[in-house]
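Q:
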Amino acid sequence: MEREMSTSVSLFKTYGAKGRTLYKLYAGFMLLCILSILFYRLTHIPLEHYSLTFAWISLFASELWFSFYWILTQSVRWNPIYHQTFKERLLQRHGNELPMVDIFICTADPVAEPPSLVMSTVLSMMAYDYPKEKLSVYLSDDAGSELTFYALCEACKFAKHWIPFCNKFDVEPRSPNAFFFKACHFSSSDLSISKEWSQMKDMYEKMINRIDFVVTKGNVPQELKKHQGFYKWTSNMTSNNHDAIIQILVDGNGEISVDIEKNLLPRVIYMAREKRPQHHHNFKAGSMNALLRVSSKISNGPIILNVDCDMYSNNSQSIKEALCFFLDEEKGHETGFVQYPQYFDNISKNDLYDNSLNVLNKIDLLGLESWGGTAYMGTGCFHRREALQGRKYSKDYIEDWKKDITSVENATVLEEKVKHLASCTFEHNTLWGKEVSLITPILF
Ligand SMILES: O=c1ccn([C@@H]2O[C@H](COP(=O)(O)OP(=O)(O)O[C@H]3O[C@H](CO)[C@@H](O)[C@H](O)[C@H]3O)[C@@H](O)[C@H]2O)c(=O)[nH]1
Ligand SMILES: [Mn+2]
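Those letters in the sequence shown? Residues 49 to 492, per our numbering, in order.
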């Protein structure tokens, strides 16, 4: 009875996959077959000819290896676990005091990772169905490229139209590139909807053309440098030798921070950490470290979402879903991260290399849950800031979700103040470098 009551108020429910008994029967049968084959191999070794014996033993060795592999994989197939979230309960209980969420997007090269596509990732994050004053989007640009900065300025202008459009038409997914690609045959009997839809598509395509033009040219022409922040790019700057650049593009103040319907936009911050050839930059892990430090002085959101620049969000509710785990009164403290699976677009018809990741996403990751937690995949993961910053698990820990800061300082002053946090030597000989730093490129 007590158990039932506690699950009825929980923000999420956990349940096992259907058909497990059937699977277990099948697995038992398979095991029997495998053992019979192994038994047969061992008891019928042909000894009459050397080459025959060798072939037989080789087969036996590969079957033994396959059996070992098969037994290991049963650990992630045995008991797949699903979760169901209750967003309405989350909103009922925490609707007015939802935590601040900081989103980190990492990009590293404007040629290999075209800024026009990166901006679709940025826009899908900005358009999350979540209170915009609680959302900060950080773009880390490891190339330190003015092309990416230009693209981000364009994306912020476009967001003023895109976000109200998403809200009005319940757009999914909220990456404009994915949306217009998937809905390319959109038609509506309502002429005004059709008109609005094609106007938005047109506006998006014009933005993409402007960005692609600049990227093809390789620099931003003087007349397009409308944002005052361009002065930070000097002629002697290269992608691996430059000062840190922090630009708060949308800071919650003034005309720049509201959309065409006068609703607030999320904060948008551009960061290019300092790079020097003599210091190792540690790839994505290095940029995550700098993002952690810089964001802690700008918004300090207790929840962090990290995405690679080529991974848009395909569900505008993802933040709320993830929060159901973190904010659950009974079990929330047991959750350090919430990982969403990765899916790829443009998979070839036969999918020879299994890019759809069906076994991983639909079975293995769920199977790992029965061992206490799924695998960390890098992108599409929500973290507790405290966990990333070194707090150890404690049964009695209660997180204060209101520790974020909304800095009232002028954006330019704040940019200069936090610049040293993105320096390439910050981690050298400091406690932060020793105890917190995420120099784990394998993970990030
Ligand atoms: O110096 C670098 C190098 C890479 N990146 C970014 O890191 C992300 C991942 O790098 P990528 O080369 O695209 O790695 P993938 O193999 O595509 O990504 C997988 O492997 C990564 C490293 O383990 C994980 O972070 C990802 O989530 C996972 O999808 C991208 O957004 C890059 O822009 C940087 O920010 N700085
Ligand atoms: Mn990648």
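Yeah, the Cβ is synthetic: ideal placement off N, Cα and C, and Gly gets one too.
(1) What I want to know is whether the C-beta of Asp358 ends up closer than 7 Å to one or more non-hydrogen atoms of ligand 2.
(2) Just verifying my parser: in three-state terms, what is the DSSP assignment at Val185?
(3) With distance defined between alpha-carbon atoms, name the residue in Val149, Leu86 and Thr91 nearest to Lys450.
(4) Using the Cα positions of Val342 and Leu436, report the straight-line distance between them to the nearest angstrom.
(5) If you measure between the beta carbons of Pro350 and Pro179, is that distance less than 8 Å?
(6) Would a check of beta-carbon distances place Thr91 closer than 8 Å to chain C?
(7) Would you say Asp393 touches ligand 1, meaning its beta carbon is less than 7 Å from a heavy atom?
(8) Under 8 Å, with one C-beta from each stretch per pair, do the region 189-198 and the region 239-246 reach the 3-pair mark?
(9) Return the chain-ordered ranges of every beta strand (DSSP E) run that is complete within the region 91-149 and spans a minimum of 3 residues.
(10) Sorted by chain position, which residues of the same chain lie with C-beta nearer than 7 Å to Thr473's C-beta, five sequence neighbours on each side aside?
(11) Just reading off the beta strand (DSSP E) that Phe60 is part of, what are its end residues?
(12) May I have the straight-line CA-CA distance separating Lys379 from Ser418, to the nearest angstrom?
(13) Following a CB-centred definition, is Gln390 positioned closer than 7 Å to any heavy atom of ligand 1?
(14) How do the region 400-418 and the region 98-114 stand: do at least 3 beta-carbon pairs fall below 8 Å, yes or no?
(15) Around the C-beta of Leu90, are 16 or more other C-beta atoms found within 10 angstroms, so that it is buried, or is it exposed?
(16) To the nearest angstrom, how far is the alpha carbon of Glu181 from that of Ser335?
(17) Give the straight-line distance between the Cα atoms of Cys154 and Pro389, rounded to the nearest whole angstrom.
(18) Tell me the rounded alpha-carbon separation between Phe152 and Leu171.
(19) Less than 7 Å between C-beta atoms, sequence neighbours within five positions excluded: which residues of the same chain meet that for Leu165?
(20) With Phe217 as the anchor, note down where its alpha helix (DSSP H) starts and where it stops.
(21) Starting from Asn354, follow the beta strand (DSSP E) in both directions and report where the run begins and ends.
(22) My understanding is that Asn288 touches Pro325, with C-beta atoms under 8 Å, so please give their C-beta distance in whole angstroms.
(23) Which runs of the beta strand (DSSP E) spanning at least 3 residues fall entirely within the region 367-417, listed in chain order?
(24) Roughly how many angstroms separate the alpha carbons of Tyr369 and Pro212, rounded to a whole number?
(25) For a test of your reading of the model: does the CB of Asp402 fall under 7 Å from any non-hydrogen atom of ligand 1? Yes or no.
(26) Just to check, is the beta-carbon of Asp412 closer than 7 Å to a non-hydrogen atom of ligand 1?
(27) What is the residue span of the alpha helix (DSSP H) that Phe514 lies within?
(28) Is the beta carbon of Thr133 closer than 8 Å to that of Cys429?
(29) Exposed or buried, Ile294, counting other C-beta atoms within 10 Å across all chains shown (16 or more means buried)?
(30) Indicate, with yes or no, if ligand 1 has a heavy atom lying under 7 Å from the CB of Gly426.
(31) With a threshold of 8 Å, are at least 3 pairs of Cβ atoms found where one atom belongs to the region 58-68 and the other to the region 110-129?
(32) In chain order, what residues of the same chain have a beta carbon less than 6 Å from the beta carbon of Tyr252, not counting five sequence neighbours either side?
(33) List the whole-angstrom C-beta distance separating Gly415 from Val185, where the pair is believed to meet the contact cut-off of C-beta under 8 Å.
(34) Under 7 Å from any heavy atom of ligand 1, does the C-beta of Phe331 make it?
(35) Since Trp118 and Ile93 are thought to touch, with beta carbons under 8 Å apart, how far apart are those beta carbons, to the nearest angstrom?
(36) Do you know how far the Cα of Glu464 is from the Cα of Asn311?
A: Considering the structure as presented:
(1) yes
(2) strand
(3) Val149
(4) 14 Å
(5) no
(6) This model lacks chain C altogether, as it is built from one protein chain only.
(7) no
(8) no
(9) 129-133
(10) His327
(11) Phe60 to Gly64
(12) 15 Å
(13) yes
(14) no
(15) exposed
(16) 24 Å
(17) 18 Å
(18) 13 Å
(19) Asn225 and Asp358
(20) Glu194 to Phe217
(21) Ile351 to Asp356
(22) 6 Å
(23) 385-387
(24) Residue 369 is actually Glu in this sequence, not Tyr. Each residue's Cα considered, the two are about 22 Å apart.
(25) no
(26) no
(27) With the chain running from 49 to 492 in the structure shown, residue 514 is simply not present.
(28) no
(29) buried
(30) yes
(31) yes
(32) Pro224
(33) In fact, because the Cβ distance is near 33 Å, the residues do not count as touching under 8 Å.
(34) yes
(35) With 8 Å as the limit, Trp118 and Ile93 do not qualify as a contact, their Cβ atoms being about 23 Å apart.
(36) 28 Å
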